[in-house]
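Inspection log for the structure reproduced underneath, given as C-alpha cells.
In this note's numbering, the protein residues as written are 29 to 126.
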C-alpha cells in the first residue's frame with residue numbers, strides 16, 4: 029500500500045510542477061506581449077482567452093461545444109473586432125460621429 033501511495037504522490041507532484049511551469053510561462057508571455065503591444069491592445073487580446081480555451085478543450089479533450097458557447101465566442105470575437113477597428117480609427121483621427 030505504501031508503494032501505491034508513493035506513486036500517486038509522485039504523480040500529483042509532477043502534475044503540480046507542470047501546471048506551475050505552464051502558469052509561469054503563460055504569465056511571462058503575457059508580460060512580454062504587454063511590453064510590446066501596450067496595455068490597451070493586451071487587454072483587448074486577453075478577451076480572446078475564453079474563446080481559445082473552449083476551442084482547445086473541444087479539440088484536445090473532446091469536450092462538447094454548445095450553441096451558447098459558439099454564440100458567446102462570436103460575441104467576444106465581434107467585440108474584439110469592434111475594439112480593434114475603433115482603436116485604429118482613433119489613432120488615424122477619423123471618427124464617424126454624427
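Just so you know, even glycine gets a beta-carbon here, dropped at the ideal spot from N, CA and C. Please read all numbers here as calculations on a predicted model, not as lab measurements.
C-alpha gap between residue 101 and residue 36, whole angstroms: 38 Å
Would you report the Cα separation of residue 58 and residue 38, rounded to the nearest angstrom? 30 Å
Leaving aside the five residues before and after residue 86 along the sequence, list all residues of the same chain whose C-beta is less than 8 Å from its C-beta, in chain order. 92, 93
How is residue 91 classed by DSSP in three states: helix, strand or coil? coil
Given residue 74, which residues of its chain have a CB within under 8 Å of its CB, disregarding the five upstream and five downstream residues? 58
Span of the alpha helix (DSSP H), counted from its first residue to its last, around residue 128: For the chain, the structure presents residues 29 to 126; residue 128 sits outside this window and is missing.
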